[in-house]
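In order, the protein sequence lines correspond to chains A and B. With the numbering used here, letter number 74 in the first sequence gets 54, and the count goes up by one each step, no holes. Numbers in the numbering used here are just positions in the second sequence, counted from 1, shifted up by 74. The C-beta atom is built at its ideal place from N, Cα and C for all residues, glycine as well.
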Amino acid sequence: MPLALKDAHSVFQTIPMDRKHSSFSLQGPQLASFFQQRKGRTTVIGLVFVVFLTTYVFIIHGTSFSPVLALRQSDSATTSQLDVALESVQNARVVAAIPSDQDTAVQPPPAPPSAHRHGVNAFHKSKPGQHRQRPAIKLTPEQELAAISSFIASLSHNRIPHTVDPLKPIDPEVVLDFDTHSVRAEEEVRRLVEEVWTLNPVFVYSRVSCSFHQQCQHEVLTNDATSALVRSFQRSQVNSGQFVPQASTNNHRPRPA
Amino acid sequence: MYLKPAPTIIDLDQREDGPIITSMLKRLTGTVELPLLLVGGKPVGTVEEVKALAASGELKQMISEAGGVVDGAKKKGRRK
């Protein structure tokens, strides 16, 4: 008889006859005698080890057994890694395509930080050393108008810095709250243009001196909206007269005629 | 009776950057007069043009196409 079977048999012999048929419900003394056996201790220790090992494997590598959990865990990381890889490849292509003499020309001038609708500092959105080679997007006049209007309308304390030359296209980083060097910048700009005119279909640049605001608010609520808009618009123009650029700290300001 | 969303009005003489914005608007829109009315991001024109558009109903249509609702909602009268 093998040794293990012999030991098991000897253990079985220690259990009283009336308990043999219910041997799975071992009592304290029986259990103690079972543990006193060398093979019994080894078996229990081995069993505990296997339980701990199984628990460890399920805790550490449990997500890999479940495809859903694995996807949840690795989705964002994989996507970000793919994005980074894609951008680095495209940046490398851009650098290769831009001649060295134009490389310095496309670098935008350093812009002062600006807050946007979420109070995010746009200047710090781009991490240092990232997207340095890729030139910033260039806005069309329509896009620039939308970006400026969005910037002004989003937060009341948003201000165009005095260092900005109004006669030249504005640096997009001043008024946009996303990385203008990114591959997705063009798409972001298109979305912004669409969003700003959807949220503000009627946008008026006026002056308090022509009291457009009060007239418009009052008349829009009491009369026909478009007629009120026209009347307020007309009165404002009569009061304000023709537009002449006022005193500006900018040196490139045109001289009034 | 209502214009929704309400017109966004920027009073340039109440802002520090007003002169810069007016110069930018002049460059971007070619308009030298204030107030400047933008409907759907496009400058509508001078007062005469705005009046003509309003008279023909075109202004209302432009605002509707831009996503605005003209005379869409009415105030409910108080029940007596």
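* From I128(A), F183(A), E174(A), R170(A), pick the residue whose C-alpha is nearest to that of S97(B); which is it? -> Counted from its first residue, the second sequence places residue 97(B) at position 23. Here the closest residue by C-alpha is I128(A).
* Inter-residue CB distance, A116(A) and E153(A) (contact presumed, cutoff 8 Å) -> Taking the first sequence and counting its residues from 1, one reaches residue 116(A) at position 136. Taking the first sequence and counting its residues from 1, one reaches residue 153(A) at position 173. A116(A) to E153(A), Cβ: 7 Å. Contact.
* CB contact check: P152(A) to chain B, cutoff 7 Å -> Here residue 152(A) corresponds to residue number 172 of the first sequence, with the count starting at 1. Answer no: the Cβ-Cβ gap between P152(A) and chain B never drops below 7 Å.
* Asked: Does the Cβ-Cβ distance between G44(B) and V173(A) come in under 7 Å?
  -> Missing from the structure shown is residue 44(B); chain B here goes from 75 to 154 and no further.
* What does P117(B) pair with, by DSSP beta-bridge criteria? -> Residue 117(B) sits at position 43 when you count from the first residue of the second sequence. Answer by DSSP bridge pairing, in chain order: L112(B).
* To do: Under the assumption that V169(A) contacts S130(A) (Cβ atoms under 8 Å), give the Cβ distance between them as a whole number of angstroms.
  => For the purposes of this step, residue 169(A) is identified with residue 189 of the first sequence, where counting begins at 1. For the purposes of this step, residue 130(A) is identified with residue 150 of the first sequence, where counting begins at 1. About 10 Å separates the two Cβ atoms, so there is no contact after all.
* Return the chain-ordered ranges of every beta strand (DSSP E) run that is complete within the segment 144 to 188 of chain A and spans a minimum of 3 residues. => 182 to 186
* Asked: Helix, strand or coil for T82(B) per DSSP?
  -> For the purposes of this step, residue 82(B) is taken as residue 8 along the second sequence, with counting starting at 1. Here T82(B) sits in strand by DSSP.
* Asked: Closest by CA to R139(A), which one among K78(B), Y76(B), I95(B), L111(B)?
  -> Translated into positions along the first sequence, residue 139(A) becomes position 159. Checked all of K78(B), Y76(B), I95(B), L111(B); the closest Cα to R139(A) is I95(B).
* Assuming D145(B) and R187(A) form a contact by the criterion Cβ under 8 Å, report the distance between their Cβ atoms to the nearest whole angstrom. => As a working mapping, residue 145(B) is identified with position 71 in the second sequence. As a working mapping, residue 187(A) is identified with position 207 in the first sequence. About 27 Å separates the two Cβ atoms, so there is no contact after all.
* Asked: For R89(B), which residues from the same chain have a beta carbon less than 8 Å from its beta carbon, with the 5 sequence-adjacent residues on both sides left out?
  -> Here the question's residue 89(B) lines up with position 15 in the second sequence. So the qualifying residues of the chain are I95.
* To do: Name, going along the chain, the residues of the segment 165 to 186 of chain A whose beta-carbon falls closer than 8 Å to a beta-carbon of chain B.
  => For the segment 165 to 186 of chain A, which is checked against every Cβ of chain B, the residues closer than 8 Å are V173, V176, W177, T178, L179, N180, P181, V182, F183, V184, Y185, S186.
* V106(B) to K100(B) span [Cα, whole Å] -> As a first step, residue 106(B) is located in the second sequence; it is residue number 32 there, counting from the start. As a first step, residue 100(B) is located in the second sequence; it is residue number 26 there, counting from the start. When rounded, the distance between both Cα atoms is 6 Å.
* Asked: Run through DSSP, which three-state label would V144(B) get?
  -> The sequence position of residue 144(B) within the second sequence is 70, counting from 1. Three-state result, V144(B): strand.
* Asked: Between the C-alpha atoms of D151(A) and H161(A), what's the straight-line distance to the nearest angstrom?
  -> The sequence position of residue 151(A) within the first sequence is 171, counting from 1. The sequence position of residue 161(A) within the first sequence is 181, counting from 1. It is roughly 12 Å from the alpha-carbon of D151(A) to the alpha-carbon of H161(A).
* Asked: Is the Cβ-Cβ distance between I68(B) and V113(B) less than 7 Å?
  -> This structure does not reach residue 68(B), given that chain B is present from 75 up to 154, and the question cannot be answered.
* Asked: Can you tell me whether DSSP reads E122(B) as helix, strand or coil?
  -> Position 48 of the second sequence holds residue 122(B). It is helical.
* To do: Taking only beta carbons into account, state which residues of the segment 83 to 101 of chain B come closer than 9 Å to chain A, listed in chain order.
  => I83, I84, D85, L86, D87, Q88, R89, E90, D91, G92, P93, I94, I95, T96, S97, M98, L99, K100, R101
* Spatial distance of V86(A) from L127(B) (CA atoms) -> One-based indexing of the first sequence puts residue 86(A) at position 106. One-based indexing of the second sequence puts residue 127(B) at position 53. Note that V86(A) has pLDDT 44, beneath the 50 cutoff, so the model's placement of it is unreliable and the number below is only indicative. So the alpha carbons of these two residues sit roughly 43 Å apart.
* Look up E124(A) in the DSSP assignment and say whether it is helix, strand or coil. => As a working mapping, residue 124(A) is identified with position 144 in the first sequence. Helix at E124(A).
* For S134(A), which residues in chain B fall below 9 Å Cβ to Cβ? -> Residue 134(A) sits at position 154 when you count from the first residue of the first sequence. What S134(A) touches in chain B: nothing, since even the nearest Cβ is about 10 Å away.
* If you count every other CB in all the chains shown that lies within 10 Å of the CB of R21(A), and 16 or more means buried, which is it? -> Sequence index remark: in the first sequence, residue 21(A) carries index 41 (1-based). By the 10 Å Cβ count, R21(A) comes out exposed.
* For G104(B), decide whether its Cβ has a neighbour in chain A, counting only Cβ atoms nearer than 7 Å. => For the purposes of this step, residue 104(B) is identified with residue 30 of the second sequence, where counting begins at 1. It does not: the Cβ of G104(B) has no partner Cβ on chain A nearer than 7 Å.
* Looking at the structure shown, is L77(B) part of a helix, part of a strand, or coil, going by DSSP? -> By 1-based counting over the second sequence, the position of residue 77(B) is 3. Reduced to three states, the DSSP call for L77(B) is strand.
* Going along chain B, which residues have a C-beta under 7 Å from V155(A)? -> Within the first sequence, residue 155(A) is the residue found at index 175, counting from 1. The contacting residues do not exist; V155(A) stays about 10 Å from chain B at best.
* Can you find a C-beta in chain B that's less than 7 Å from the C-beta of A127(A)? -> By one-based count along the first sequence, residue 127(A) stands at place 147. A127(A) does not count as touching chain B.
* **Other residues of its chain near L119(A): CB distance less than 8 Å, five sequence neighbours each side excluded** => Residue 119(A) sits at position 139 when you count from the first residue of the first sequence. Cβ neighbours of L119(A) beyond the five flanking positions: A127, P149, I150, P152, V169.
* To do: With DSSP collapsed to three states, give me the class of E90(B).
  => Counting from 1 along the second sequence, the entry for residue 90(B) is found at position 16. In this structure, E90(B) counts as coil in the three-state DSSP scheme.
* Measure the C-alpha to C-alpha separation of P117(B) and L111(B) and round it to an integer number of angstroms. => Against the second sequence, residue 117(B) aligns to sequence position 43. Against the second sequence, residue 111(B) aligns to sequence position 37. Note on geometry: alpha-carbon atoms of P117(B) and L111(B) lie some 6 Å from one another.
* **Cα-Cα separation, D91(B) to I132(A)** => Translated into the one-based positions of the second sequence, residue 91(B) becomes position 17. Translated into the one-based positions of the first sequence, residue 132(A) becomes position 152. Here the alpha carbons of I132(A) and D91(B) stand approximately 10 Å from one another.
* To do: Pick out whichever of I83(B), T82(B), P93(B) has its Cα sitting closest to the Cα of H142(A).
  => The count along the first sequence starts at 1 and reaches residue 142(A) at position 162. Comparing Cα-Cα distances from H142(A) to each of I83(B), T82(B), P93(B), the minimum goes to P93(B).
* Asked: What is the DSSP secondary structure of A116(A), reduced to helix, strand or coil?
  -> Position 136 of the first sequence, counted from the start, is the residue given in the question as residue 116(A). Coil.
* Apart from the five residues on each side of it in sequence, which residues of its chain come closer than 8 Å, Cβ to Cβ, to S80(A)? -> By one-based count along the first sequence, residue 80(A) stands at place 100. At S80(A) the pLDDT is 47, less than 50, meaning the model places this residue with poor confidence; the figure from the coordinates comes in the next sentence. If we look at S80(A) and ignore the five residues flanking it on each side, it has no Cβ neighbours.
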